[in-house]
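For the record, the sequence lines run as chains A and B.
For the first sequence, my numbering puts the final residue at 136, and the numbers step up evenly by one.
For the second sequence, my numbering puts the final residue at 136, and the numbers step up evenly by one.
Just below is one structure, and these are the notes that go with it.
2 protein chains.
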Amino acid sequence: MFAQIIHSSQMEVNRLHLRLDYKFWIETENGVSLLGEGKWKLLKAIRETGSLKAAVDQMGYTYRQTWEKLNNIEEKLGFKLIERSRGGAKGGETVLTRKGEKIVQFFDKLYGEVDNDIQRTFNDLIDELNEIMD
Amino acid sequence: MFAQIIHSSQMEVNRLHLRLDYKFWIETENGVSLLGEGKWKLLKAIRETGSLKAAVDQMGYTYRQTWEKLNNIEEKLGFKLIERSRGGAKGGETVLTRKGEKIVQFFDKLYGEVDNDIQRTFNDLIDELNEIMD
DNA sequence: TACCGATATGCGAATTTAACATAACGATAA
DNA sequence: TTATCGTTATGTTAAATTCGCATATCGGTA
């Protein structure tokens, strides 16, 4: 299948196909990044599981770092995204605050509104990009 | 001016205004990021100045790291973005290759096509975001 | 042929990130 | 009342990355 001889004047060798990607994020008015796609998905995982530990495991993040990043973000925001409690039969739990839930919904809407447009633009441009490779 | 008493049932204290931002970048088919806005602007600075050193100074980058990143990108791309020469009266110079120039034009077009749409979407959503703060 | 300024590159310091270990907590079951 | 258990909280060390500085290389031009 792959060993067939290609009868072409210009054999395609090692053709690297490039892709386009994009990100949105929320930042302070002086340009300090606060949270983007990663935290968005993390918050959704927390909402699903009711646990920060379960969420970071699911995302493949480290608990130690994520815990600290969340602290840092909440401090800069000035409000809590999640409400944590520890102890008890289950060991503890973490749920989204009202504002945390709003942030999730905000990203849902943001990505939902522009993703189609961007993907369409990407599709129009990606061929042009790969032609540069030749 | 700022010491006036605000006669309002809900005084605005420490109101943090958030912003939205975005980025595009080119990556390999397995998701390895290659170059984005930073390299785009760097390449334009190289085109302007004819010098890698002048370009990194202008961008506020370090020569050491930028030089290595460019090597790495070019290696992964499989072609040169810039053509460097050293020695001579001017000490040396760096100019864009044909493909490097194409990459610059690609980003020009990419950002040019979507920036207006995205900014419009951002404007529609940013108020909603800042309402979350209340 | 010496000079000069940009490119090229080595290397230790500083900073950041990752990884591991351990403490604190509190509802529940015994 | 108390031991248990799983999660949150946090200290610490190792690893990886980045930064900063120093130095070598190069080759037109004076």
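Just so you know, even glycine gets a beta-carbon here, dropped at the ideal spot from N, CA and C.
From a predicted model like this one, the values you see are computed outputs, not experimental measurements.
Which residues bound the beta strand (DSSP E) around residue i?
i, result
"A:Leu131", "Unbroken run through A:Leu131 is the alpha helix (DSSP H), Arg100 to Ile134; no beta strand (DSSP E)."
"A:Leu37", "Ser35 to Gly38"
"B:Ser87", "Ile84 to Arg88"
For residue i, which residues in chain B fall below 7 Å Cβ to Cβ?
i, result
"A:Tyr24", "Tyr24, Lys25 and Phe26"
For residue i, which residues in chain A fall below 7 Å Cβ to Cβ?
i, result
"B:Lys104", "Ile134"
For residue i and chain B, any beta-carbon pair shorter than 8 Å?
i, result
"A:Thr99", "no"
"A:Arg49", "no"
"A:Ile120", "yes"
"A:Glu76", "no"
What is the residue span of the alpha helix (DSSP H) that residue i lies within?
i, result
"B:Tyr24", "That residue, B:Tyr24, is in no alpha helix (DSSP H); its beta strand (DSSP E) goes Leu20 to Thr30."
"B:Lys71", "Tyr65 to Leu79"
"B:Lys55", "Leu54 to Met61"
How close, in whole Å, do the beta carbons of residue i and residue j come, if the pair is a contact with beta carbons under 8 Å?
i, j, result
"A:Leu44", "A:Thr64", "Actually they are not in contact, since the Cβ atoms of A:Leu44 and A:Thr64 sit about 12 Å apart, beyond 8 Å."
"A:Phe109", "B:Ile134", "Contact doesn't hold; Cβ gap of about 11 Å is too wide."
"B:Leu20", "B:Leu131", "6 Å"
Indicate whether at least one CB of chain A lies closer than 8 Å to the CB of residue i.
i, result
"B:Lys71", "no"
"B:Leu20", "yes"
"B:Thr123", "yes"
"B:Glu29", "yes"
"B:Glu39", "no"
Check the Cβ of residue i against every Cβ in chain A and list those closer than 9 Å, keeping chain order.
i, result
"B:Lys111", "Leu127 and Glu130"
"B:Glu115", "Thr123, Asp126 and Leu127"
Validate contact between the stretch 41–54 of chain A and the stretch 89–105 of chain A using beta carbons, cut 8 Å, 3 pairs: Result yes; three or more Cβ-Cβ pairs closer than 8 Å.
Sufficient close CB pairs (3 or more, under 8 Å) joining the stretch 31–42 of chain A to the stretch 27–38 of chain B: Taking 8 Å as the limit for Cβ pairs, the verdict is that the stretch 27–38 of chain B does not touch the stretch 31–42 of chain A.
For the stretch 18–25 of chain B against the stretch 17–27 of chain A, are there 3 or more C-beta pairs whose distance is under 8 Å? With a cut-off of 8 Å, the stretch 17–27 of chain A and the stretch 18–25 of chain B count as touching, because enough Cβ pairs lie within range.
Stretch-stretch touch, CB-based, cutoff 8 Å, three pairs: the stretch 115–129 of chain B with the stretch 113–120 of chain A: With three or more CB-CB distances shorter than 8 Å, the stretch 115–129 of chain B counts as touching the stretch 113–120 of chain A.
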